[in-house]
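Just so we're aligned: 107 in UniProt numbering is position 107 of the sequence shown, and the numbers increase by one with no gaps anywhere.
Glycine included, each C-beta is placed from N, C-alpha and C at the ideal position.
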Amino acid sequence: MKKEWFENDDFWINYGPIMFDEAHWAEAAGTAGRIKEIAGLKDGQRILDACCALGRISTELGLLNLDVTGVDITQPFLDCAAETAEDEGVKLTLINHDMRTFTSEKKFNAAINVYNSFGYCDSKDDDYRILSRIYDALEEGGTFILECISRETAIRWFTEGEWFERAGKTVLTEFKPTGAWEGLSSRWILIDKNGNRMEHTFIQRLYSAAELRDKLLELGFSSAKVYGGFDLSPYDYNAKTMVIVAEK
């Protein structure tokens, strides 16, 4: 399997502090609490954090007395997650693996893929492989929670770009749709205090909520419901994000 842009550790070392800012860290505890409630998890039950990145949600789930396994393709992220968990006195199982090929003998009571970490593979088949691996890792009756930008929310809240200061750098962003809103192209330019410039462009595939819901049902989930947030608000013109709750 050929390497894709998100498999480049250097990219995440440079861009991670920009994308995973303090505001997102501050939201983690509340999000983890809602995840535990939505999935109906009890203390000690097992949850898979697929594409866990820096482990901000994994750590908070661990603080809620859950048995957490975090999987990510980027080892530096897992190293940071391990440090955070140690600082918080939380035990996490962290696995460096590609979710497209991930397998687990241990079955989970719940699984999550959150904070817009879906839709970056070169092909739909690879995106769907991730969903299939998550399905296989769940025990019967397990819950999967997927949260990401959808085609509808991308259009509703579209902005052409912005600039801001973060992590000691000036950040300029430029966004534009690709094809018939089949994807969202994101161009990120970082400029440090010495004037050094770094630039990267990537595309996230955009799925409609109905398309992902139907795919999850096709994969074998017994139900898949779409919401406009972790508060389970309606998925309508006010939705800021897309949250799908699927039951195996």
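For Y227, the three-state DSSP class (helix, strand or coil): strand
Closest residue to N113 among D125, E105 and A137 (Cα-Cα distance): A137
Rounded C-beta distance between T170 and R187? I'm assuming under 8 Å. Not confirmed; about 14 Å, so no contact.
With C-beta atoms as the reference, is L48 less than 7 Å away from T69? Contact flag set, yes.
Could you tell me which residues DSSP puts in a beta bridge with R197? Assignment of beta-bridge partners to R197 by DSSP yields I191.
Less than 8 Å between C-beta atoms, sequence neighbours within five positions excluded: which residues of the same chain meet that for Y237? R156
Between T159 and the rest of its own chain, which residues show a CB-CB distance below 8 Å, the 5 nearest in sequence each way excluded? Correct list, in chain order: F175.
What do you reckon, are the CB atoms on L146 and I35 nearer than 7 Å? no
With 16 as the cutoff for other CB atoms within 10 Å, does A210 come out buried or exposed? The residue is exposed, with fewer than 16 neighbouring Cβ atoms inside 10 Å.
When burial is assigned at 16 or more other CB atoms within 10 Å of the CB, is F164 buried or exposed? Exposed.
Given a threshold of 16 other Cβ atoms within 10 Å of its Cβ, counted over all protein chains shown, does R166 qualify as buried or as exposed? exposed
From the DSSP output, read off the bridge partner residues of D72. D72 is bridged by DSSP to N96.
If you check the beta carbons only, do C51 and M99 fall under 7 Å apart? Yes, the pair counts as a contact, with Cβ atoms nearer than the cut-off.
Taking its Cβ as the centre, do 16 or more other Cβ atoms sit within 10 Å of S233, making it buried, or is it exposed? exposed
What three-state label does DSSP hand T59 in the structure shown? helix
Which term fits N109, buried or exposed, when burial requires 16 or more other beta carbons within 10 angstroms of its beta carbon? buried
Evaluate E60 with the Cβ neighbour count: other Cβ atoms within 10 Å of its Cβ, from every protein chain shown; 16 or more gives buried, anything less gives exposed. buried
Does the distance from the CB of A28 to the CB of R56 come in under 7 Å? yes
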